[in-house]
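Take 1 as the starting number for the sequence shown in full-length UniProt numbering and just add one per residue. Beneath this line is the structure, given in structure tokens, with notes to follow.
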Amino acid sequence: MKLDYLQALKRIDDARGAWVLHGQEPLLEQNLIDAFRQSWQKQDIERQRYDISSVSDWKNVFNALNSLSLFSTQLAVEVHGNIKPDASSLKLLKSYLQQDSNNLLLVVMPKQDASSLKSSFFQTVEANGVCVALTANYPRDRQQILAVEAQKLGIQLANDAWQWLEQHHEHNLLAAKNSLMRVRDTFPDLEQIQIEHLYACLQDQSRYTTYDLSDALLAGNLAQSIKIFQYLTASGEPMSLILWSISKEMRLLMQLFEQPQNALQLGIWKNKVSTYQQAVRRLSPQTFLSWPALLLNIDAAIKGVSQDNPEQLVQQAIASLCGRPLFAV
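This is the structure in structure tokens:
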């Protein structure tokens with residue numbers, strides 16, 4: 001079964017079997033993942049996460065799906081990566097799907113090309129589970145998605161204001177959501193936002209987004225990266241989305257270090273391959289080894305599980321990605 005983003009949001013509480021999320025829209029990915037995690041917590045479903053760095057990692061995934069802890073009746077296994085199961089793991093997937101299990105396999109992947117979407121893996125999931133394309137290719141789709149975000153914030157936009165917002169951000173959903181938050185904070189008492197309100201609020205902003213942060217990180221520009229990070233936090237960017245962008249780049253660089261010939265298969269755009277390759281050459285293997293623990297610490301700090309300052313930890317991650325000591329800023 002194929003679902004779009006909005007359809008998927010409505011079915012999260014009943015999700016079972018296998019779901020694959022694939023695309024290049026960070027707002028849609030993060031919203032769905034957050035919704036899944038909230039649903040699992042509400043239903044007391046145990047969650048396990050796996051990052052796929054090699055084909056052999058899939059065996060650990062299916063071993064987990066076939067075994068529950070003593071304190072759980074349902075399990076959600078969240079998988080991140082861009083390596084599809086091989087033939088033997090595909091058999092395990094088919095066996096799992098035939099069990100009519102209450103467990104859920106949620107696979108999160110970057111944008112896939114046409115040939116990948118025709119692979120046995122995607123065909124199996126599409127026939128027996130759910131595939132969700134994290135895309136918003138048309139203005140109507142983007143407006144519907146942003147209308148949901150506006151509703152969460154308790155604001156409404158006039159029809160022509162939607163058109164202005166989309167043109168202003170050149171189809172960047174994440175930046176548009178940030179602007180909705182900014183408008184809400186600037187005009188908290190207005191029932192409907194007009195173009196003049198958007199223009200007054202947004203015309204002078206620097207328009208930095210997490211995409212700009214990613215570009216600065218890959219370029220190794222520490223000063224610019226810290227500047228963008230400080231702007232994002234000051235403008236209300238959720239720390240979880242900033243972490244998502246940082247962890248995405250870290251995962252891609254670690255995977256490219258291990259598989260230097262597979263840049264395109266890892267989901268790196270062709271015009272970005274040389275940028276990622278230069279970043280890998282700039283970094284040491286020891287740096288890559290330190291990242292998983294650092295990301296876990298940041299996640300714990302953001303959730304309030306630890307006493308660490310999440311902003312300080314994120315700045316450490318930014319410095320590490322740039323391959324430079326933090327005090328050099």
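All C-beta atoms in this analysis are idealised placements derived from N, C-alpha and C, irrespective of residue type, glycine included.
- Between the region 32-48 and the region 75-88 there are three or more inter-stretch CB-CB distances shorter than 8 Å, so the stretches are counted as touching.
- Separation of the CB atoms of leucine 105 and asparagine 128 is rounded to 11 Å, and the pair is thereby denied contact status at 8 Å.
- Per DSSP, the continuous alpha helix (DSSP H) segment holding aspartate 57 begins and ends at 57-65.
- Apart from sequence neighbours up to five positions away, the residues of its chain that approach arginine 282 with a beta-carbon distance below 8 Å are Gly220 and Gly323, ordered along the chain.
- In this structure isoleucine 193 is in contact with alanine 161, their Cβ atoms being roughly 6 Å apart against a cut-off of 8 Å.
- When rounded, the separation of the alpha-carbon atoms in phenylalanine 121 and serine 95 is 13 Å.
- The closest CA to that of lysine 111, considering only Ala223, Asn66 and Ala263, is found on Ala263.
- Boundaries for glutamine 48: no alpha helix (DSSP H) harbours it, while the beta strand (DSSP E) harbouring it runs 46-51, taken from the DSSP string.
- By the Cβ neighbour-count rule, arginine 142 is buried, with 16 or more other Cβ atoms within 10 Å of its own.
- By the C-beta criterion, the region 253-271 is judged not to be in contact with the region 229-237, since fewer than 3 inter-stretch pairs fall below 8 Å.
- Under the DSSP assignment, leucine 6 falls outside any beta strand (DSSP E), being part of the alpha helix (DSSP H) whose first and last residues are 5-10.
- Looking at the DSSP output, tryptophan 19 bridges to Leu106 and Val130.
- Taking each of Tyr138, Val305, Gly23 and Ile318 in turn and checking the Cα distance to alanine 114, the smallest one comes out for Gly23.
- Taking every protein chain shown into account, the CB of glutamate 25 has 16 or more other CB atoms within 10 angstroms, so this residue is buried.
- Each residue's CA atom was taken as its position, placing leucine 296 and serine 89 some 27 Å apart.
- Comparing C-alpha distances from tyrosine 138 to each of Ala150, Gln163 and Thr124 shows the shortest one belongs to Gln163.
- With 16 or more other Cβ atoms from the protein chains shown falling within 10 Å of its own Cβ, lysine 177 counts as buried.
- When secondary structure is reduced to three states using DSSP, histidine 168 falls in the helix class.
- Leucine 157 is bridged by DSSP to Ile193.
- In the DSSP assignment, glutamate 311 falls within the alpha helix (DSSP H) that extends over 310-322.
- Straight through space, the alpha carbons of leucine 202 and leucine 174 are spaced by roughly 15 Å.
- Judged by DSSP secondary structure, leucine 75 falls within the beta strand (DSSP E) whose first and last residues are 75-80.
- In the displayed model, lysine 227 falls within a helix according to three-state DSSP.
- The Cβ neighbour count for tyrosine 199, taken over all protein chains shown within 10 Å, is under 16; the residue is labelled exposed.
- Lysine 303 sits in coil when the DSSP states are folded into three classes, being neither helix nor strand.
- In the structure shown, lysine 2 falls within a strand segment according to DSSP collapsed to helix, strand and coil.
- Check the Cα spacing between valine 273 and each of Cys131, Leu218 and Ile298: the tightest is with Leu218.
- In this structure, the straight-line span from the alpha carbon of glutamine 286 to that of valine 280 is close to 12 Å.
- If you compare the alpha carbons of Lys152, Val130 and Ala293 with that of asparagine 31, the shortest gap goes to Lys152.
- If the five residues before and after histidine 169 are omitted, its C-beta is found closer than 6 Å to the C-beta atoms of Ala175 and Ala176, all from its own chain and listed in chain order.
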